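What the sequence shown shows, in numbering that gives the first Met the number 0, is residues 0 to 111, in sequence order. Even for Gly, the Cβ is constructed at its ideal location relative to N, Cα and C. Treat the numbers as computed from the prediction; the structure is a model and nothing was measured.
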Amino acid sequence: MERRKSKRFSVVNLNLHDKTTEEMVGKVVNISQGGLLTIAYKTYKEGKEYDFFIPFDETINGQVKFEFSARIVWCRPNPLKPGMMSTGLEFADNPKIQTMFIEQMIKIYCPD
């Protein structure tokens, strides 16, 4: 059984957007240093990498959104939301700037 490498934090009010189309593709449910869980409006291909962004309600270090690439780890129907997909994303790379954004998002968008 695979063990998670970092703590997950529940998120309030973060939307996930496709970087290419800018279309909102889902809601972020939780986030960690390694990735995030979303409730998506469509099915994503497992193992494939996509480019996304999360817009902020307020600026974080002068930025209004967090852009990143992520690999789809798994994607399955959400039993509580018919027609929606629970989707696990793993950040494709994790440079220092990305880590800083994730830490700031956790402080701002994750309730205690």
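Do you know offhand how far residue i's Cα is from residue j's?
i      : j      : result
Ser68  : Ile101 : 14 Å
Thr20  : Met84  : 19 Å
Cys74  : Pro54  : 23 Å
Lys80  : Asn29  : 16 Å
Gly61  : Tyr49  : 24 Å
Leu36  : Lys26  : 9 Å
Cys109 : Ser31  : 11 Å
Tell whether a beta-carbon distance below 7 Å holds between residue i and residue j.
i     : j     : result
Lys41 : Ile71 : no
Ile38 : Asn77 : yes
Phe51 : Lys64 : no
How would you call residue i, buried or exposed, if buried means at least 16 neighbouring beta carbons within 10 angstroms?
i      : result
Leu126 : Any question about residue 126 goes unanswered here, given that the chain covers just 0 to 111.
Met104 : buried
Leu15  : buried
Val10  : buried
With H, G and I counted as helix, E and B as strand and the rest as coil, what does DSSP make of residue i?
i      : result
Met104 : helix
Glu98  : Contrary to the premise, residue 98 reads as Thr rather than Glu in this sequence. Thr98 falls in the helix class under three-state DSSP.
Gln62  : strand
Asn77  : coil
Tyr40  : coil
Among the residues of its own chain, which have a CB less than 8 Å from the CB of residue i, if the five just before and after it don't count?
i      : result
Gly112 : Only positions 0 to 111 of the chain appear in this structure, which leaves residue 112 out of reach.
Met0   : For Met0, the pLDDT reaches just 41, beneath the cut-off of 50, and the residue's location in the model is therefore unreliable, although a value from the coordinates is still provided. Counting only Cβ-Cβ distances below 8 Å, and skipping sequence neighbours, we find nothing.
Considering only residues of the same chain and omitting the five flanking positions on each side of residue i, which have a CB-CB separation below 6 Å?
i     : result
Asp17 : Val24
Spatial neighbours of residue i within its chain, please: CB distance less than 7 Å, with the 5 preceding and 5 following residues excluded, ordered by chain position.
i     : result
Lys44 : Ile71
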